[in-house]
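Visitor: This is the structure I have questions about; it appears just below.
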Amino acid sequence: MMKILVINGPNINMLGIREPEIYGKGTYRDLISVVESAAARLGVTAAFFQSNHEGAIVDAIQEAYGNYDGIVINPAAYTHTSVAILDALKSVGIPTVEVHISDVSEREDFRQVSYVRAACIKTIMGEGFAGYIHAMEVLCEERKKEED
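Take any residue in the sequence shown, count from 1 to its spot, add 2: that is its number in the numbering used here.
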């Protein structure tokens, strides 16, 4: 069974409270429930990690090596600042999909830069929680291509 690690960066734990006009009213717990339901439907296992600390996210990525078949990552604010997260993703070489709940392409100028994108097979933005499901589907399709 395919194992996917879902990593969320800073302030994602504040979903439902933080700027609901941008991120919606669903909570982090709601997000986990949505992803768990989709994982069951897709026949994959999903594990979750959230941190407000860059080094902890790097550690989680490194620890994924040899343990997970894919990563779904919403680095949140670290998307635009973290070479360390980029380097960790490149180091482990696990197929990764970058996800953003909002459409960052329509937001502030500084949000137009994504360091992690260079290590990802796809970027999904502006689909809300459904973007995480889309990301898992992309990883499943990628795995199927590798097996063919």
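Built from N, CA and C at the ideal position, the CB exists for glycine as well.
Less than 7 Å separating the beta-carbons of Ala-137 and Val-74?
Guide: Yes, these two residues count as a Cβ contact at 7 Å.
Visitor: Which residue or residues does DSSP assign as beta-bridge partners of Thr-81?
Guide: For Thr-81, which the question treats as bridged, DSSP gives no partner whatsoever.
Visitor: Assuming Lys-5 is part of the alpha helix (DSSP H), what are its boundary residues?
Guide: Careful: Lys-5 lies outside any alpha helix (DSSP H), inside the beta strand (DSSP E) at 5-10.
Visitor: Identify whether Gly-133 lies in helix, strand or coil by the three-state DSSP scheme.
Guide: Helix at Gly-133.
Visitor: Which residues in the same chain have their Cβ closer than 7 Å to the Cβ of Ile-14, if we skip the five residues on either side of it in sequence?
Guide: Excluding positions up to five away in sequence, the list reads Tyr-30, Gln-52, Asn-76, Ala-78.
Visitor: Following the continuous beta strand (DSSP E) through Ile-126, name the residue where it begins and the one where it ends.
Guide: It spans 124-127 - the beta strand (DSSP E) in which Ile-126 sits, taken as one unbroken run.
Visitor: Within a Cβ cutoff of 7 Å, which residues of the same chain sit near Glu-144, ignoring the five residues on either side of it in sequence?
Guide: Hits under 7 Å: Pro-97, Ile-123.
Visitor: Could you round the C-beta distance between Ala-90 and Ile-63 to whole angstroms and report it? I think they count as a contact, below 8 Å.
Guide: At roughly 4 Å, the Cβ-Cβ gap stays under 8 Å, so Ala-90 and Ile-63 are in contact.
Visitor: Roughly how many whole angstroms lie between the Cα atoms of Arg-119 and Tyr-134?
Guide: For Arg-119 and Tyr-134, the distance between alpha carbons rounds to 16 Å.
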